[in-house]
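Input: a single structure, listed below in structure tokens.
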Amino acid sequence: MNTQRETSTRTRPYTILATAVLAASATFGAGLAPAAAAGLGSAGEAPGLGSPSGFTAPDKVADIEFPTTISHRGGADVYPEESMEGFTASAKDGFLPEMDIQFLEDGTPVLIHDDTADRTLNGATGPIRDLSREEWDAATIKHPTGGEEAATVTLDELLDEMGGEVVMVPEIKPGATPEEVDRVLDEFDERGLKDSLVVQSFDFEAAKTIADRGYTSLYLMGSTMPKESPAEIKDAGIEWVGPSKNLPTNKMRELDKAGFHVAPYTLATAKDGHRLPGFIDGYFTDDAWTD
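Quick note on numbering: the sequence shown equals residues -29 to -1, 1 to 262 in mature numbering (1 follows the signal peptide of the UniProt record, and there is no 0).
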């Protein structure tokens, strides 16, 4: 397995933030995110909005305001799923971008939810772990409504673009080995990102490792309570939990009373998030803009 960080030779346009804003405006109309529309300067430039980076989402976990909106897969119902366009648009409009980490044939961490390419990519098929870096770079991400496709994204590319500028919520997908979990956390360490990431996993041991390494850890769970008790989860140093939206409300309340930040997944739109009980600290949504 290649454990060397490779510098990407792919270039991305300086107008990517402006492009994301324009795409959102085209999708939802001029009334969407007026700060975004007003922030576009001449020649499509994207000036700083609220911070030098142009992002209005917080750059430190300690600065998150509750309830917070987590833009699932970068807004998968609005932008190409797990694209730089979706991540930057989410962060610019104040939402925490969420993404999934899988691994290529050579061990390169890349951002895609499924363990196969077929659903979301054009130009590549089959298991992600069987793809070469060249095949990954040549593929494109399908647009959810038939619009322009987007370039695939590696973890390094995302961190080069946004690392430390905004709180991000990466998930290390099930199937990652302990060595791969450590490798991703080593990458975060090298970039000094402990204060600006909420790192997730469905695997309790991985979530525990994340907490042990000094990161804010979010333990994902399904529509029933996990085998670990709230006390065991708390003792592991885990601060956030992400239950399915179908977990009964009384169980979510139990997690809240145990002292966790509770952020259920995955709601269709932000409007659905506004209907959640008041004790909920956040939620994942595929469309953070429709409220």
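Think of the CB as a built atom: it goes at the ideal place given N, C-alpha and C, for glycine as much as any other residue.
Contacts around residue i, its chain only, beta-carbon distance under 8 Å, and the 5 residues preceding and following it disregarded
i	result
I72	P80, V81, L82, L126, P141, E142, I143, K144, A147 and V155
L129	M55, F58, M70, L82 and M139
T220	P248
R224	P248 and F250
V32	V138, D166, S167, L168, V169 and T187
F231	P201, I204, K205, I209, E210, W211 and V212
Residue environment, residue i, which counts as buried when at least 16 other CB atoms sit within 10 Å
i	result
K63	buried
K242	exposed
R246	exposed
G65	buried
W150	The sequence given here places Glu at residue 150; Trp does not occur at that position. Answer is exposed; the Cβ neighbour count stays below 16.
D262	exposed
E105	exposed
D48	buried
G244	buried
A182	buried
D34	exposed
D157	exposed
Whole-number beta carbon distance between residue j and residue i, since they are thought to touch under 8 Å
i	j	result
D257	G46	7 Å
P249	A234	A quick correction: the sequence has Gly, not Pro, at residue 249. About 14 Å; that fails the 8 Å criterion.
G253	F26	G253 to F26, Cβ: 17 Å. No contact.
G185	K165	5 Å
S42	A259	5 Å
G134	R162	5 Å
E52	P115	7 Å
L218	S194	5 Å
V152	T180	6 Å
A28	V137	5 Å
Backbone secondary structure at residue i - three-state DSSP
i	result
F(-2)	Caution is warranted here: a pLDDT of 49 is assigned to F(-2), below 50, making its placement in the model unreliable, and the coordinate value is therefore given only provisionally. F(-2): helix per DSSP, three-state reduction.
D153	helix
T91	coil
M223	helix
H232	strand
V32	helix
S61	helix
E158	helix
E52	coil
P248	coil
T261	coil
Host alpha helix (DSSP H) of residue i (start-end)
i	result
T244	For the record, residue 244 in the displayed sequence is Gly; it is not Thr. Here the alpha helix (DSSP H) through G244 covers A241 to G244.
S167	Premise fails: S167 is in no alpha helix (DSSP H) and is neither H nor E.
P201	P201 to D206
E105	R104 to A109
L126	L126 to M133
Cutoff 7 Å; reference residue i; Cβ partners in own chain excluding five residues on either side
i	result
D85	T91
L102	L75, E76, A88 and A95
Residue range of the unbroken beta strand (DSSP E) whose run includes residue i
i	result
D71	L67 to F74
W211	W211 to G213
F255	G253 to T256
L82	P80 to L82
S42	T39 to S42
I181	That residue, I181, is in no beta strand (DSSP E); its alpha helix (DSSP H) goes F175 to D183.
T123	It is not in any beta strand (DSSP E) - T123 carries neither H nor E in the DSSP assignment.
V137	That residue, V137, is in no beta strand (DSSP E); it is neither H nor E in DSSP.
L189	T187 to L191
Sequence-distant residues of its chain with Cβ nearer than 6 Å to residue i (five each side left out)
i	result
K222	M196
F255	I41, H43, Y236 and T237
S172	I143 and A178
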